[in-house]
Structure formats: C-alpha cells, structure tokens
Amino acid sequence: MTRLILAPMEGLADDVLREVLTRVEAYDHAVTEFVRVSGTVLPLRAFTRLSPELRSGSATSSGTPVRVQLLGSDPACMADNAAQLVRLTPAGVDLNFGCPAPTVNRHRGGAALLDEPELLHAIASAVRKAVPSHIPFTAKMRLGVTDTGRALDCGRALAEGGVDGLVVHARTKTDGYRPPAHWEWVGRIADVVAVPVVANGEVWNEDDWRRCRAVSGASDVMLGRGAVADPFLARRIRAGALEAPRRDAEWAELQPLIGEFWQRVLIKVEARHAPGRLKQWLNLLRRNFIAAEQLYLAVRPERDVERVNQVLGAHGIPVLRAAA
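The sequence shown runs contiguously to residue 468 in the working numbering.
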C-alpha cells in the first residue's frame, strides 16, 4: 500500500498549514521545516517553536505524525542536537540535504553538501547513535549540486550511515523547483541502497502521482507544493479517484478551513505579516480553484487585517473573531 508523506516546505508549510492540510486528509507522516543547527546545542523551545506538535504527541490534531528535520554540517553538533530533540519524543528525526536556498547553502547546509558524500555519511552515522532505534530516522536529499554525478554515492552514504529511509527530491540544487523532476533517478538510487526510498518532486495531480510511481518504481510519494495547491489531492489518491475533481464541492469544504487558517495565522504572527501568509496560500490554491483566484485578486491589495476580514466574509469565508 502506498504511503503519502507531507513534505517539509520552508517558508510555506508551517504548523498552521500542516494542521489544515492534515485535517482534509491524514498523511502517513509530515516533516517540519528545518531546524538550523550551527555550533551549539539548541534549547528545547527551539524545537517546540517550529513543531508545536511535540507538545501533543508529535502529531497534528487529526493524528498525522510529525517528524522534525535538522539541517547542519557538523556531525558532532548535529548528533548533540538530535539527542536534545529526542528528549521531546518526536515522531521521527529527519536530515535535510535538499534545501536549495542560497542563504542556506552559503553556510554549508542543505543541498550544498551533496558534493561531499563522506560528510553525509559522517553526519548520518553520528546522528544515528543519538537517535534510539524505535524513533524513525530518515534523510531527504536531492540528486546533486549541479549534476547527478554523485547521486548514487550520496544515497549509499546516507543508507550506510544508518538512516531508516530516504526521500529523494528528483532535481539538483541548481534545478531548484524548475520542472521536470527526474523521477528515474529515484529508482536508480533505490537500486543501490537497502532502505526504503520515497519519490518527491513535481507531483501536482493524480496523473503526476501515477507517472511518478511508474517512472521511479517507488511505491511511496512525498507531496509538497502540489498538496498546498490542492489540499484534496491526497484524499483523491487514496480513494483511487479516476474522475475529474468536483471543485465546487471541494471549495465549499475548504472555505471554513481557510477561515481557520487565517485565524491561526493571526494568533501566530504579527498583524502586518498575516495578510502575506494568506495571499501566499491563495496564490497556490488558484491553480485549481476559480473561487480562490477571485478571492486572491480581492485580497491581494489589502494590508490591513480588518479589511482582509471583510473581504473574506464577502467571499463566504467564516471569520471567527475580529482583529484585535
């Protein structure tokens, strides 16, 4: 049976959006945005701030387990922080070797390390010793920095370093998020490692999911921006739906969840930043929902929370409380 995993998406899928997306359809697990590890052991609040789910069984309210992702380049420091994280009993510990962001890569983090499989092995081995065997320990990688020349070496390094599974985002760091995703490389990596491999990258709809599985040979798929743009994608995949999505019915179900998302954002961030978070999600939703396009265009010029409340109400989005 296929597993569906909600991807870590820095600057997009925080605990607020994870809560909403997993309410629509439970995932086998989700992964947080990365916790940056650099030279010191972080306090426990650094982990709970990024993953409040740690305070409630390391799962969203609908029961989706949430694994916490670490990013860094020093094996000993990564291991020390993993040991600190383990005190909070996370649903899993994940390593980030996939982030292509220049600011992260300049500080020797994320996908920039894919030219150094020996370092990947050292990090995985050190963290493995800090993570008890009953806590899932995984890693996410891309295919390389500028090319795929060391992709197999990196996969082997992580598997031999002790990870329980690999997620392969089927693009290089240089590719960023530009299509296509080279799903065939997921299968090539799976052929040389002895741990389960999950395919990731450019899955926006059910057809993409089917082609990804066919080309990669991977039964398990991680959904990222495609799940944000279509919160019902995981549900339709699990149901084996073959007919066209019923977008009107889906939008009606989504409306109260958009309202809840907005209220949670207002609680979490400063009022001046809240409209931007809403616009970010609506910008992706409008790929699939005509009503989201209309709502996005109405919200886009607004910067004031109360004005956004008024626009949402006019578009049938329940606003549970007025701005303070």
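Each residue gets a CB set at the ideal place from its N, CA and C atoms; glycine is no exception.
All values derive from a computational prediction rather than experimental measurement.
Rounded C-alpha distance that separates residue i from residue j
i: Asp288; j: Met153; result: Strictly speaking, residue 288 in this sequence is Gly, with Asp absent from that position. In a straight line, the C-alpha of Gly288 is about 19 angstroms away from that of Met153.
i: Pro187; j: Pro234; result: 15 angstroms
i: Arg416; j: Val449; result: 8 angstroms
i: Glu387; j: Leu229; result: 44 angstroms
i: Tyr321; j: Arg315; result: 8 angstroms
i: Gly460; j: Arg300; result: 51 angstroms
i: Leu428; j: Leu441; result: 12 angstroms
i: Leu156; j: Asp335; result: 32 angstroms
i: Leu258; j: Gly305; result: 15 angstroms
i: Val341; j: Leu263; result: 20 angstroms
i: Ala468; j: Asp172; result: With a pLDDT of 42 at Ala468, under the threshold of 50, the predicted position of this residue should be treated as unreliable, though the coordinate-derived value follows. Going from the Cα of Ala468 to the Cα of Asp172 covers about 37 angstroms.
i: Val88; j: Lys317; result: With the chain covering 145 to 468 only, the question about residue 88 has no answer from this structure.
i: Ala107; j: Ala223; result: Outside the modelled stretch of the chain, which goes from 145 to 468, sits residue 107, for which no answer is possible.
i: Ala435; j: Ala303; result: 45 angstroms
i: Val443; j: Val452; result: 6 angstroms
i: Ala255; j: Phe281; result: 18 angstroms
i: Arg250; j: Val185; result: 21 angstroms
i: Ser200; j: Arg430; result: 33 angstroms
i: Thr192; j: Ser202; result: 10 angstroms
i: Arg408; j: Thr204; result: 14 angstroms
i: Met145; j: Ser363; result: 7 angstroms
i: Ile381; j: Pro389; result: 11 angstroms
i: Thr162; j: Gln424; result: The amino acid at residue 162 is misidentified as Thr; the sequence shows Arg. About 15 angstroms.
i: Glu397; j: Pro219; result: 45 angstroms
i: Ala466; j: Gly457; result: In this predicted model, Ala466 has a pLDDT of only 46, less than 50, meaning its place in the structure is not dependable enough to derive any value.
i: Asp319; j: Pro246; result: 13 angstroms
i: Glu414; j: Pro244; result: 28 angstroms
i: Gly242; j: Ala174; result: 16 angstroms
i: Arg354; j: Ile279; result: 30 angstroms
Contact check, residue i vs residue j, beta carbons under 8 angstroms
i: Ala268; j: Val307; result: yes
i: Val131; j: Ala343; result: Any answer about residue 131 is impossible in this case: the structure gives the chain only from 145 up to 468.
i: Asn432; j: Arg391; result: yes
i: Lys273; j: Asn240; result: no
i: Gly309; j: Val339; result: yes
i: Pro419; j: Glu446; result: yes
i: Leu198; j: Leu150; result: no
i: Gly471; j: Cys221; result: Coverage of the chain is limited to positions 145 through 468, which leaves residue 471 absent and any answer about it impossible.
i: Leu367; j: Leu148; result: yes
Cut-off 7 angstroms between Cβ atoms - residues of its own chain near residue i, not counting five sequence neighbours on either side
i: Ala195; result: Residue 195 is actually Ser in this sequence, not Ala. Counting only Cβ-Cβ distances below 7 angstroms, and skipping sequence neighbours, we find Asp159, Thr176, Val210, Val212.
i: Pro276; result: Val230
i: Lys412; result: Val160
i: Cys356; result: Trp327, Ala343, Val347, Val365
i: Ala170; result: Ser206, Gly207, Thr208
i: Arg294; result: Leu258, Asp259, Pro261, Gly288
i: Glu394; result: Phe376
i: Val337; result: Gly299, Arg300, Ala303, Leu310
i: Leu439; result: Leu426, His459
Close beta carbons around residue i, own chain, < 6 angstroms, minus the five adjacent residues each side
i: Pro375; result: Leu165, Val168
i: Gln399; result: Gly460, Ile461
i: Ala226; result: Val237, Val271, Ala274, Val275
i: Leu401; result: Val164
Rounded Cβ spacing between residue i and residue j (contact assumed at less than 8 angstroms)
i: Glu346; j: Pro324; result: 6 angstroms
i: Trp329; j: Thr292; result: 6 angstroms
i: Leu296; j: Ile333; result: 6 angstroms
i: Val181; j: Gly216; result: 3 angstroms
i: Val455; j: Gly403; result: Their Cβ separation, rounded to whole angstroms, is 12 angstroms, which puts Val455 and Gly403 out of contact at 8 angstroms.
i: Leu422; j: Trp406; result: 6 angstroms
i: Gly331; j: Gly361; result: 4 angstroms
Own chain partners of residue i with C-beta closer than 8 angstroms, once the 5 adjacent residues on each side are dropped
i: Asp352; result: Glu346, Gly370
i: Leu214; result: Phe178, Val179, Val181, Met222, Asn225, Ala226, Leu229, Val237, Asp238, Leu239, Asn240, Val271
i: Ala358; result: none
i: Ile290; result: What sits at residue 290 in the sequence shown is Thr, not Ile. For Thr290, where only same-chain residues beyond five positions count, the Cβ hits under 8 angstroms are Thr316, Lys317, Thr318.
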